[in-house]
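**Student:** Dumping the structure here so I can ask a few things about it.
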């Protein structure tokens with residue numbers, strides 16, 4: 001912009017303009033606007049560009065290795081060290097389960113058995129991971145021995161591709177299993193279903209939810225029993241509370257808490273209109289009260305009662 005202004009000032013102040021006096025109006029305007037135009041850019045010389053690096057892991061999906069690519073362990077070193085320590089801890093706890101002192105204490109034995117069960121899935125997946133790595137190494141060695149046979153090389157390449165995909169899936173599974181879990185996941189729950197807006201249809205909808213959760217408990221081999229219920233006039237329930245016991249109950253049902261809505265033609269509707277009904281679901285984990293804590297509360301209460309309320 002500064003260059004264009006200087007060009008304009010030179011035209012206005014110069015006694016003899018640099019323009020040809022016989023130029024037309026159109027030519028003079030083009031010459032005047034030439035000062036505002038940006039200078040031409042240098043043409044880019046095409047150069048040979050190297051192909052971008054192809055990482056083995058892109059986004060959330062893994063690229064399949066070619067038959068000529070060597071398959072290596074994709075797990076990070078810190079992941080392997082964490083898995084090794086987990087397997088070592090699992091072995092130590094499994095040995096402690098046979099200790100007579102642990103067996104004589106039911107609460108300690110149950111806690112230790114639960115820890116062994118929780119780590120068992122991680123250890124099983126890690127052993128599958130190591131077995132898959134061993135198969136890959138054996139297949140690579142077989143590939144070197146039969147490099148001249150084209151049919152055998154094609155079969156080995158297909159096997160390596162399948163094993164590498166299996167190795168990637170196991171690594172992702174192990175990464176998820178090593179994430180810290182909610183300490184309440186293994187607890188039993190109290191499940192409450194309460195009819196919301198919608199009148200009699202809301203009670204029917206609450207009854208449908210109760211039967212759905214009962215069926216889900218049966219599929220997961222969980223034990224459930226009703227604690228309290230209040231039946232609705234047209235069927236279903238106004239309120240239904242049941243206790244659910246089993247493995248990882250809270251971890252699978254904790255996200256069911258909230259308002260559940262249904263839009264349908266209810267059984268109580270005679271005009272065929274669609275109604276909207278709601279029901280609320282509450283998932284409450286089982287509370288564990290320690291005897292020592294309860295004893296401390298009772299002692300504090302009696303001490304307070306004797307000191308202040310019984311004082312003359």
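In UniProt numbering, the protein residues as written are 1 to 312. We put the CB at the ideal spot given by N, CA and C, even for glycine.
Should the segment 215-223 be called in touch with the segment 144-160, which here means at least 3 C-beta pairs below 8 Å?
**Tutor:** no
**Student:** If we call anything under 8 Å between Cβ atoms a contact, is residue 209 one with residue 285?
**Tutor:** Looking up residue 209 in the chain shown gives position 209. Looking up residue 285 in the chain shown gives position 285. Contact flag unset, no.
**Student:** My guess is that residue 203 and residue 235 are in contact by the Cβ rule of under 8 Å, so how many angstroms apart are they, rounded?
**Tutor:** Reading the chain shown from its first residue, position 203 is the one you call residue 203. Reading the chain shown from its first residue, position 235 is the one you call residue 235. Your pair residue 203 and residue 235 checks out as a contact, with CB atoms roughly 7 Å apart and the cut at 8 Å.
**Student:** Go ahead and pull the three-state DSSP assignment for residue 50.
**Tutor:** By one-based count along the chain shown, residue 50 stands at place 50. In this predicted model, residue 50 has a pLDDT of only 48, less than 50, meaning its place in the structure is not dependable; the value taken from the coordinates is given anyway. Three-state DSSP puts residue 50 in coil, outside helix and strand.
**Student:** What residue from 165, 189, 264, 269 has the CA that sits closest to residue 249's CA?
**Tutor:** The residue you call residue 249 lines up with position 249 of the chain shown. Out of 165, 189, 264, 269, 189 has the C-alpha closest to the C-alpha of residue 249.
**Student:** Alpha carbon to alpha carbon, what distance is there between residue 154 and residue 255?
**Tutor:** Here residue 255 refers to the residue found at position 255 when the chain shown is read from its first residue. Here residue 154 refers to the residue found at position 154 when the chain shown is read from its first residue. Computed Cα separation, rounded: 48 Å.
**Student:** What is the rounded straight-line gap between the Cα of residue 129 and the Cα of residue 143?
**Tutor:** As a first step, residue 129 must be located in the chain shown, where it is residue number 129. As a first step, residue 143 must be located in the chain shown, where it is residue number 143. Rounded to whole angstroms, residue 129 and residue 143 show a C-alpha spacing of 21 Å.
**Student:** Given a cut-off of 8 Å, decide if residue 278 and residue 261 are closer than it, judged by their beta-carbon atoms.
**Tutor:** As a position in the chain shown, residue 261 is number 261, starting the count at 1. As a position in the chain shown, residue 278 is number 278, starting the count at 1. Yes. Within cutoff.
**Student:** Please list, in chain order, all residues of the same chain as residue 170 whose beta carbon is under 7 Å from its beta carbon, the five residues on each side excluded.
**Tutor:** In the chain shown, counting from the first residue as 1, residue 170 sits at position 170. Contacts found: 125, 128, 129, 132.
**Student:** Buried or exposed: which applies to residue 207, given that a residue is buried once 16 or more other Cβ atoms fall within 10 Å of its Cβ?
**Tutor:** What you label residue 207 is simply residue 207 of the chain shown in a count that begins at 1. Residue 207 is buried by the Cβ-count criterion.
**Student:** Is it buried or exposed, residue 201, if we count other Cβ atoms within 10 angstroms and call 16 or more buried?
**Tutor:** To locate residue 201, count along the chain shown from 1; it is residue 201. Result: buried.
**Student:** Taking the alpha carbon of residue 81 as the point to measure from, which residue in 161, 178, 136, 182 has its own alpha carbon closest?
**Tutor:** If you number the chain shown from 1, residue 81 lands on position 81. Residue 178 is the option with its Cα nearest to residue 81.
**Student:** Apply the 10 Å Cβ neighbour rule to residue 297 and answer buried if 16 or more other Cβ atoms are within range, or exposed otherwise.
**Tutor:** The residue given as residue 297 occupies position 297 in the chain shown. Within 10 angstroms of the beta-carbon of residue 297 lie fewer than 16 other beta-carbons, which makes it exposed.
**Student:** DSSP has residue 96 in a bridge; who is on the other side?
**Tutor:** Looking up residue 96 in the chain shown gives position 96. Partner(s): none; residue 96 has no beta bridge.
**Student:** Per the DSSP calculation, residue 277 is bridged to which residue(s)?
**Tutor:** Along the chain shown, read from residue 1 onward, the residue named residue 277 stands at position 277. In DSSP, residue 277 forms a bridge with 262.
**Student:** Quick one: using the 10 Å Cβ neighbour count with 16 as the cut-off for buried, is residue 176 buried or exposed?
**Tutor:** On the chain shown, residue 176 is found 176 positions in, with the first residue counted as 1. Residue 176 is exposed by the Cβ-count criterion.
**Student:** If you run the structure through DSSP and keep just helix, strand and coil, what is residue 287?
**Tutor:** The sequence position of residue 287 within the chain shown is 287, counting from 1. Three-state DSSP puts residue 287 in coil, outside helix and strand.
**Student:** Buried or exposed: where does residue 103 fall if 16 or more other Cβ atoms within 10 Å of its Cβ makes it buried?
**Tutor:** Numbered from 1 along the chain shown, position 103 holds the residue referred to as residue 103. When all chains shown are included, residue 103 counts as exposed.
**Student:** Ordered along the chain, which non-local residues of its own chain (more than five positions away) have a Cβ less than 8 Å from that of residue 61?
**Tutor:** Here residue 61 is taken as the residue at index 61 of the chain shown, counted from 1. Low per-residue confidence applies at residue 61: pLDDT is 43, beneath 50, and the placement is therefore not dependable, though the value from the model is reported in the following sentence. Within the same chain, residue 61 has no close Cβ partners at all.
**Student:** State the beta-bridge partners of residue 224 as determined by DSSP.
**Tutor:** As a first step, residue 224 is located in the chain shown; it is residue number 224 there, counting from the start. DSSP lists 244 as partners of residue 224.
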